[in-house]
Each structure stands twice: as C-alpha cells, then as structure tokens.
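Numbering (full-length UniProt numbering), first residue to last: 1 to 163.
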C-alpha cells in the first residue's frame, strides 16, 4: 500500500512588484515599459514624452484598444482628423479612441525616434535610438489613413510636408 508523505513547504510569495513585472496568468502586462506622460505637443495636440531614459531597440509600449474589423475601423475614422486606429492585419484593427493608454497619443515625425511594429496582433512601439527624458516620442506614420490630406507639422529638416 502506498505511503502518504508530506509536501515540501510552499515557496515564499513574491513581492507585488515582481509579480507585476513577471506577469500573472489572467492579468495583462502593463502597456508601457518605461515612465511616460502625455502633455501638450509642439507637433500636434497632445504627445507622449519620456520621463526616463529609453535605450535604443527597447520596447517602449503598446497601443491598446478595442479589436474591430478593418471595415469597421475605416467606417469609424471616416472624416475624422484625429485617428487612433492601427490595422494589425488584413482583417483586424485596434481602435484606441476610448482607451486610456498613453501610446495612443504618439505623434508623427518625418525624423522619428520610435517605430511601430505589428507583432502577433499587437501594435508595439520600439525605440530607434536612445531617447532622453523630456523628449517627445514620435514615429513615422508612413502610409496612413490620412492619404496625403493632412499637413505635416513635425518640423524635421527632412519633413515630407504631408501625411
């Protein structure tokens, strides 16, 4: 007949900060990886600013929001000047219009310091170069829903003039 033996003692619980950093099943990871803030931008409206140094090639954060079909996303942005939508595949898009995350406020620049990468249905931003505290985060919108109708106000020496 098998013998019952006692279980080894349970490991001590991790501090809450370590649990959040490592991720807990069922809990989403934070959208931002660095201290960021939203503030008035000299480019347009509100922008995202670094509150700490961000090393080159590091993930800055994600733009999160409602997952919708591309057709629905295009319907929602019809005639709008401010667009908080990213198409993540041929069929789906993320609409961050009502999301509280800071990354939805990232502005365009023809001389960007960040890049948008679509990975596994996520809209992730990465630093192209080292970013200093106080610097506004910007990415090149490239081919966008603005389709050349919006004047670019980034002020970069290589500004293309239109979005």
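Glycine residues also receive a C-beta, built at the ideal position from the N, C-alpha and C atoms.
It should be emphasised that the depicted structure is a prediction, and the values quoted were computed from it without experimental measurement.
- prompt: Going by the beta-carbon positions, is the gap between residue 139 and residue 112 smaller than 8 Å?
  reply: yes
field: Which listed residue (50, 58, 86) has its alpha carbon closest to that of residue 67
entry: 86
- request: Give me the Cα-Cα distance between residue 90 and residue 62, rounded to the nearest whole angstrom.
  value: 19 Å
- request: Using only alpha-carbon positions, find the residue among 141, 32, 35, 46 that is nearest to residue 109.
  value: 141
query: Just curious, the beta strand (DSSP E) that residue 127 is in, first and last residue?
result: 122-127
field: Backbone CA spacing between residue 105 and residue 69 [nearest angstrom]
entry: 22 Å
field: Of the listed residues 155, 131, 72, 152, nearest to residue 51 (C-alpha basis)
entry: 131
- prompt: Which one or two residues does DSSP pair with residue 107 in a beta bridge?
  reply: 138
message: Between the alpha carbons of residue 101 and residue 65, how many angstroms are there, rounded?
response: 8 Å
message: Considering only the alpha carbon of each residue, which of 107, 49, 114, 120 lies closest to residue 58?
response: 114
- prompt: Is DSSP giving residue 114 helix, strand or coil here?
  reply: strand
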